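One gets the working numbering by counting positions in the sequence shown from 1 and adding 284 to each. Single-structure report; data block below.
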Amino acid sequence: MSDEIDEARDWQGQEVDCAGCAHLALNAAGGCRIRHACVNDRYARRIDRFFNWNQGLADGYLGHPHFEVRAIAAKFANLFLLPPLLADADETVRWNAVRRLPRRYALLLRKDPHREVRMRVVTLIDGDDLLPMVSDEDYYVRLVVARKLAPLLLGRMIDDEEAEVRRVVARRIPDEWLLGMINDRDAAVRLEIAQRLSPELLALMRRDPDWRIRYEVASRAAAAELMALADDQDSLVREVARSRVAVRLERETEASV
285 MSDEIDEARD
295 WQGQEVDCAG
305 CAHLALNAAG
315 GCRIRHACVN
325 DRYARRIDRF
335 FNWNQGLADG
345 YLGHPHFEVR
355 AIAAKFANLF
365 LLPPLLADAD
375 ETVRWNAVRR
385 LPRRYALLLR
395 KDPHREVRMR
405 VVTLIDGDDL
415 LPMVSDEDYY
425 VRLVVARKLA
435 PLLLGRMIDD
445 EEAEVRRVVA
455 RRIPDEWLLG
465 MINDRDAAVR
475 LEIAQRLSPE
485 LLALMRRDPD
495 WRIRYEVASR
505 AAAAELMALA
515 DDQDSLVREV
525 ARSRVAVRLE
535 RETEASV
């Protein structure tokens, strides 16, 4: 429903009564408007609009019993009043506080009980400060860490229990570490590795149980390593291997004439 037609109720479901509001004078001056910009309304967009119009009032609402009010007030309040909110019971309040504070405060929330907060904390910190989060209990937090952590720091995530995390690691680790993942238990991870290996090293994966990896080998490995794949059990692998072998033999014949 639009702001103009639905009813105005507070966070406890009671109808909003402007007559008993502490901001009655503000209302008379056009500083707030029921069903549009109201700190007592249960709708976040109306609370946000109220503080946007009256930012100087935000400090007084950081202890409000409704989490939406505290969270939105944190977007406008004095920075020096925000650190205590890092211990707020609601994750939205904690996040709105820490996102405005100096980055050192984000370190305090690396083990926040809510995964959404931890995921967002990753966006605020860098380098060694991310290392304690490589073993986060939530796989998606680790996935976000793997996407941001410097490649040289990804070594401790090579054996992550979640394949999606290891796939990101496989895409980003230094080339000299690639061989350490060619026997990963997940074929999708091994495929990421195969796609990065040089033609010379790719031959090491010619006996991989997954046809996609063998197809990658047949497509890019040094020609001398292709004969083993010319009789592969998969028709697509056989086809590309035999095609490359034929081209190689044709070139050798032409060179000998």
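Beta carbons: idealized from backbone N, C-alpha and C, even for Gly. All figures in this text were calculated on a predicted structure; none of them were measured in a lab.
Supposed contact pair residue j and residue i - C-beta distance, whole angstroms, cut 8 angstroms
i: Pro435; j: Ile457; result: 6 angstroms
i: Gly315; j: Asn336; result: That pair is no contact at about 11 angstroms.
i: Leu363; j: Arg384; result: 6 angstroms
i: Glu448; j: Leu427; result: 6 angstroms
i: Val377; j: Ala361; result: Going by Cβ atoms, the distance from Val377 to Ala361 rounds to 11 angstroms, so no, they are not a contact pair.
i: Arg455; j: Ile442; result: So it is not a contact: roughly 12 angstroms between Cβ atoms.
i: Glu421; j: His398; result: Not confirmed; about 12 angstroms, so no contact.
Neighbourhood of residue i by C-beta distance below 7 angstroms, restricted to the same chain and skipping five residues each side
i: Val521; result: Trp495, Arg498, Tyr499, Ala502 and Leu513
i: Ile318; result: Ala292, Val300 and Cys302
i: Ala506; result: Pro483, Glu484 and Ala487
i: Leu462; result: Ile477, Arg480 and Leu481
i: Arg504; result: Pro483 and Leu486
i: Gly464; result: Ile442
i: Val524; result: Tyr499, Ala502 and Ser503
DSSP bridge partner residues for residue i (one or two, in chain order)
i: Glu299; result: Arg293
i: Arg226; result: Residue 226 is absent from the model: the chain starts at 285 and stops at 541.
Close Cβ partners of residue i (< 8 angstroms) along its chain, the five nearest in sequence each way excluded
i: Ile409; result: Arg387, Ala390, Leu391 and Arg394
i: Ala373; result: Phe351
i: Leu365; result: Asp343 and Leu346
i: Asp290; result: Arg319
i: Met285; result: Low per-residue confidence applies at Met285: pLDDT is 40, beneath 50, and the placement is therefore not dependable enough to give any value.
i: Arg532; result: Ala507 and Leu510
i: Arg402; result: Leu393, Arg394, Lys395, Asp396, Met417, Asp420, Asp422 and Val425
i: Leu310; result: Cys316 and Asn338
i: Leu308; result: Cys302
Of the residues the options, the one placed nearest residue i, counting alpha carbons only
i: Glu476; options: Arg491, Val453 and Leu365; result: Val453
i: Val406; options: Glu421, Asp294 and Ala430; result: Ala430
i: Arg440; options: Val401, Asn380, Pro416 and Arg528; result: Pro416
i: Arg490; options: Val473, Asp516, Arg469 and Ala530; result: Asp516
i: Ala358; options: Arg480, Glu375, Asn380 and Leu341; result: Asn380
i: Leu438; options: Tyr424, Ala361, Tyr423 and Gly411; result: Gly411
i: Asp444; options: Cys322, Ala312, Arg528 and Val418; result: Val418
i: Arg326; options: Glu523, Leu310, Gln298 and Glu400; result: Gln298
Start-to-end residues for the alpha helix (DSSP H) that takes in residue i
i: Ala471; result: Ala471 to Arg480
i: Arg451; result: Ala447 to Arg456
i: Leu485; result: Pro483 to Leu486
i: Lys432; result: Tyr423 to Lys432
i: Phe351; result: Phe351 to Ala357
i: Ala502; result: Trp495 to Arg504
i: Arg383; result: It is not in any alpha helix (DSSP H) - Arg383 carries neither H nor E in the DSSP assignment.
i: Ala312; result: Leu308 to Ala312
Contacts around residue i, its chain only, beta-carbon distance under 6 angstroms, and the 5 residues preceding and following it disregarded
i: Asp287; result: Unreliable placement is indicated for Asp287, whose pLDDT of 48 sits below 50; no coordinate value is reported for it.
i: Ala471; result: Asp494
i: Arg526; result: Ala514
i: Glu446; result: Tyr423
i: Asn324; result: Asp294 and Val300
i: Phe334; result: Cys316, Ala321, Cys322 and Val323
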